[in-house]
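Asker:
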Amino acid sequence: MTIILSLLVSFAFFISPAPKKIANFRLNDLESNSKTYAELKGKKVTVIDFWATWCKPCVRSIPKLVKLHEQYKDRGVQFIGINVDGTRNLPKVKPTAHSLGIKYPVLLDVNNQVMTDLKVTQIPTIFIVNERDEIVAFHQGYYPGEEENWEKEIRKLLQPETEQKQ
Numbered sequence: 000m001t002i003i004l005s006l007l008v009s010f011a012f013f014i015s016p017a018p019k020k021i022a023n024f025r026l027n028d029l030e031s032n033s034k035t036y037a038e039l040k041g042k043k044v045t046v047i048d049f050w051a052t053w054c055k056p057c058v059r060s061i062p063k064l065v066k067l068h069e070q071y072k073d074r075g076v077q078f079i080g081i082n083v084d085g086t087r088n089l090p091k092v093k094p095t096a097h098s099l100g101i102k103y104p105v106l107l108d109v110n111n112q113v114m115t116d117l118k119v120t121q122i123p124t125i126f127i128v129n130e131r132d133e134i135v136a137f138h139q140g141y142y143p144g145e146e147e148n149w150e151k152e153i154r155k156l157l158q159p160e161t162e163q164k165q
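Just so we're aligned, residue 0 is where the sequence shown starts under numbering that gives the first Met the number 0, counting upward by one.
Here is the structure:
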C-alpha cells in the first residue's frame, strides 16, 4: 500500500493540468504564412479545434464546426483549426480542409508544440475561449450531438455580462 501511494504521489508531479489561459503562439497556416493566436482570435469568443486528417472523429466533427462558424462568424466568434498531422501527412492537410469546407484559419502544428503546451492528449480536442483568453470549456473526442453543447457555450459567452451572472 505504501509503495502504491508513493508511486501515485510521485506520478502526480509529472501530470500538470491544462492551462487556464491561451498563451500567444505562432504557427504557419496552409499557405505557409506565419500567424499568431493574438492576430487570429475572436473579439468575443475563439473556438480552437485540434484535428488530424487520419482522425475519423475529427473529420466527423469538422462539418459541425464549419456550420457553427458560418452561423457566428459575424458576431465576434473566430474558429481556428490546428492540424497536428506532422510532416508525413502534411500534403494531405490542405486538400482535406478544402474538401471539408473549412473557411476559417487552419494552422499547422507540425512539431505538436502548441498541442503539448495546451496539454492536449487526444483529438479532436476543442477549446472554447473567452475574450480574455481564458479557456471556459474544452471537449475531447466527438459524439454526434455534441455540437449542441459547443453552441450553448458560445451563446453563453455572447450574452451581455449581466445575463451571464443570472
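C-beta atoms are modelled at their ideal positions from N, C-alpha and C, and glycine is treated no differently.
Predicted, not measured: the structure shown is a model, and the values here were computed from it.
Using 8 Å as the threshold, is the segment 37 to 46 in touch with the segment 64 to 77, meaning 3 or more CB pairs across them?
Answerer: Yes, since at least three Cβ pairs between the segment 37 to 46 and the segment 64 to 77 fall closer than 8 Å, the two stretches touch.
Asker: Which residues does DSSP list as the beta-bridge partners of T45?
Answerer: Q77, V128, per the DSSP bridge assignment.
Asker: Between E133 and the rest of its own chain, which residues show a CB-CB distance below 7 Å, the 5 nearest in sequence each way excluded?
Answerer: Counting only Cβ-Cβ distances below 7 Å, and skipping sequence neighbours, we find K19, K20.
Asker: I need the straight-line Cα distance from T1 to K118, nearest angstrom please.
Answerer: Reliability fails at T1, whose pLDDT of 45 lies under 50, so the model's placement of it is uncertain and no value is given.
Asker: Have a look at E30 and T45 and give me their C-alpha separation to the nearest angstrom.
Answerer: Near 21 Å, if we compare the C-alpha coordinates of T45 and E30.
Asker: Counting beta carbon pairs with one atom in the segment 23 to 37 and one in the segment 103 to 113, are three or more of them shorter than 8 Å?
Answerer: Yes, they touch.
Asker: Keeping to the same chain, check which residues put their C-beta closer than 8 Å to that of F137; ignore five residues upstream and five downstream.
Answerer: Only A17, T124, I125, F126, I127 meet the Cβ criterion.
Asker: Which residues in the same chain as E170 place their Cβ atom closer than 7 Å to its Cβ, once the five residues preceding and following it in sequence are excluded?
Answerer: The chain is shown only over 0 to 165; residue 170 falls outside these bounds and no answer can be derived.
Asker: Assign N82 to buried or exposed, taking buried as 16 or more other Cβ atoms, counted over all protein chains shown, within 10 Å of its Cβ.
Answerer: Label assigned to N82: buried.
Asker: V109 and T95: beta carbons closer than 8 Å?
Answerer: No, Cβ-Cβ distance for V109 and T95 is not below 8 Å.
Asker: Across which residues does DSSP place R25 in a beta bridge pair?
Answerer: R25 is bridged to T35.
Asker: Buried or exposed: which applies to Q77, given that a residue is buried once 16 or more other Cβ atoms fall within 10 Å of its Cβ?
Answerer: Q77 is buried by the Cβ-count criterion.
Asker: Give the secondary structure of K20 by DSSP, where H, G and I count as helix, E and B as strand, and everything else as coil.
Answerer: In the structure shown, K20 sits in a strand (DSSP, three-state: E or B).
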